[in-house]
Amino acid sequence: MKSTLVLAFLILLGFIIGRTLYFLDLPLYLYLIQINCLVERGYVYQLFTSIFVTSSISDAVFNFISMLVIYQIFKSYANRLEYFVFLLSGIMGNIVSLLYGPLSASAGASGGIFGILAYYVTDQARKNWDTYRSVAKNYIFLLILVFIISNILPKVDILAHTGGVVCGILMNYAFPVTNEAI
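Note that the working numbering has the sequence shown beginning at 142, numbered continuously upward.
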């Protein structure tokens, strides 16, 4: 199965779990999302669990649709490497969002999603720069446009998005896709 679609399914599953816990067991929900003061006190697992758990309908819908769009554009050509990019970018985004301070809380997959998008955009820009510079610039424009639009919405963790983008770019240099450009 295509990794992008599996991640989209996990995002929906995380929403169902998060929404259920939010109403049935709020303390457990609060231990699964990222609450910065708890992370600073040693609950570092929240850097991971908060990627998958959210109770926000809009967050789940936007993230799910984003993954479907990424799949339509890139067709999961990085295969299973996408899981690694998603997880590491999500965790890096959550680490960067610790800069908001100890009283901040966040949840959702957008840091990981931005990591995947940045990974693919970087890959396409690197592969097409010499021969198809306009194509490469279009991919870069896509990333910038999505970043700007997503960050003007309310209750968005711009630091997690930024951390995800930076991590996705760096991961493409560290782990480039070996097959040809799409």
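The C-beta atom is built at its ideal place from N, Cα and C for all residues, glycine as well.
Exercise for review: Would you tell me roughly how many angstroms separate the C-alpha atoms of Asn292 and Pro168, rounded to the nearest one?
Suggested key: Within the sequence shown, residue 292 is the residue found at index 151, counting from 1. Within the sequence shown, residue 168 is the residue found at index 27, counting from 1. If I take the Cα positions, the gap works out to 29 Å.
Check your understanding: Thinking C-alpha only, which one of Ser245, Phe225, Phe288 and Thr319 is nearest Ser148?
Key -> Counting from one through the sequence shown, the residue named residue 148 turns up at place 7. The sequence shown places Leu at residue 148, not Ser. If we check each option's Cα against that of Leu148, Phe225 comes out closest.
**Study point:** Contained alpha helix (DSSP H) runs [length at least 4] in the region 146–188, N- to C-terminal order
**Key:** 167–173 and 177–181
Practice item. With DSSP as the reference, label Ser251 as helix, strand or coil. Key: Translated into the one-based positions of the sequence shown, residue 251 becomes position 110. Ser251 falls in the helix class under three-state DSSP.
Exercise for review: Look at the alpha carbon of Ser207 and the alpha carbon of Ile254, and state the distance between them as a whole number of angstroms.
Suggested key: Translated into the one-based positions of the sequence shown, residue 207 becomes position 66. Translated into the one-based positions of the sequence shown, residue 254 becomes position 113. The alpha-carbon atoms of Ser207 and Ile254 are separated by roughly 8 Å.
Point to revise | alpha helix (DSSP H) runs wholly inside the region 229–292, at least 4 long, in chain order | key: 251–269 and 274–292
Review point. In chain order, what residues of the same chain have a beta carbon less than 7 Å from the beta carbon of Leu153, not counting five sequence neighbours either side?
Key: Walking along the sequence shown from the start, residue 153 turns up at place 12. So the list reads Ala201 and Phe205, once near-sequence residues are dropped.
Review point. Given a threshold of 16 other Cβ atoms within 10 Å of its Cβ, counted over all protein chains shown, does Asn220 qualify as buried or as exposed?
Key: The residue given as residue 220 occupies position 79 in the sequence shown. Counting the other CB atoms within 10 Å of its CB gives Asn220 a total below 16, which places it among the exposed residues.
Exercise for review: Please report the Cβ distance between Gly309 and Ile257, rounded to the nearest whole angstrom; I am assuming they are in contact, meaning their Cβ atoms lie under 8 Å.
Suggested key: Working through the sequence shown from its first residue, we reach residue 309 at position 168. Working through the sequence shown from its first residue, we reach residue 257 at position 116. Yes, they are in contact, since the Cβ atoms of Gly309 and Ile257 sit about 6 Å apart, within 8 Å.
Check your understanding: From Leu173, Leu286, Tyr212 and Leu283, pick the residue whose C-alpha is nearest to that of Ser191; which is it?
Key -> Translated into positions along the sequence shown, residue 191 becomes position 50. Ranking Leu173, Leu286, Tyr212 and Leu283 by Cα distance to Ser191 puts Leu173 first.
Review point. Taking Thr195 as the reference, which of Phe164, Gly159 and Val185 has the closest Cα?
Key: To locate residue 195, count along the sequence shown from 1; it is residue 54. Here the closest residue by C-alpha is Gly159.
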